[in-house]
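Heads up: take any position in the sequence shown, counting from 1, add 1, and you land on the working numbering.
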Amino acid sequence: MLSLPLAYQTPDPRSNWAPVLLLLIIGIGFAVGNVVLSVLIGPSRTGKVKESTYESGMVPFGDTHKRFNVRFYIVAMIFLVIDVDIIFFYPFATIFAPYVRAAHADSGRMLIELIIFVAALLLAYVYAWGKGVFRWD
């Protein structure tokens with residue numbers, strides 16, 4: 002039986018990183034290439050109209066540093082929390098379903114943890130509702 006030397010049997014560890022390196026080179030090259038092409042090919046005309054602020058076809062008026070009510074930010078944060086909450090429900094559902102089908106002992110504990118998690122989010126939502134965050138006066 003013919004055996005190869007040990008150096009020929011194990012692959013070079015650097016070859017495992019070749020696809021990652023290639024993907025990085027392609028990604029960086031694509032980003033740099035788009036910027037360079039837009040500078041070279043894109044229009045370079047300037048003027049008073051081109052340098053003015055564009056507001057959906059309307060002439061801008063007033064101060065640009067207008068203060069927003071804090072309610073906008075609170076609603077945005079509540080939206081993000083609920084959005085992230087929904088993202089975490091998908092892996093939980095994939096893990097929880099086999100436990101329920103197999104009548105596993107941990108399925109009850111997992112369900113209680115989920116109920117506590119949703120109750121905490123619901124409590125925050127009710128608190129924000131009570132503070133009048135969702136009223137647009």
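Ideal Cβ positions, reconstructed from N, Cα and C, are used throughout, including at glycine.
Asked                                                                                                                                                                   : Found
Please specify which runs of the alpha helix (DSSP H), each continuous and at least 4 residues long, are wholly inside the region 16 to 88, giving them in chain order. : 19 to 42
Please report how far the alpha carbon of Gly109 lies from the alpha carbon of Phe73, in whole angstroms.                                                               : 38 Å
Which of the three DSSP states is assigned to Trp130 in this structure?                                                                                                 : helix
Ordered along the chain, which non-local residues of its own chain (more than five positions away) have a Cβ less than 6 Å from that of Pro61?                          : Thr54
Is Asp107 helix, strand or coil by DSSP?                                                                                                                                : helix
Can you name, in chain order, every residue of its own chain whose Cβ lies under 8 Å from the Cβ of Asp107, other than the five neighbours on each side?                : Tyr100
Is there a Cβ of chain B sitting closer than 8 Å to that of Gly58, yes or no?                                                                                           : The chain inventory of the structure shown lacks chain B, comprising one protein chain alone.
Using 10 angstroms around the beta-carbon of Val85, count the other beta-carbons present and answer buried if the total reaches 16, otherwise exposed.                  : exposed
Give the secondary structure of Arg136 by DSSP, where H, G and I count as helix, E and B as strand, and everything else as coil.                                        : coil
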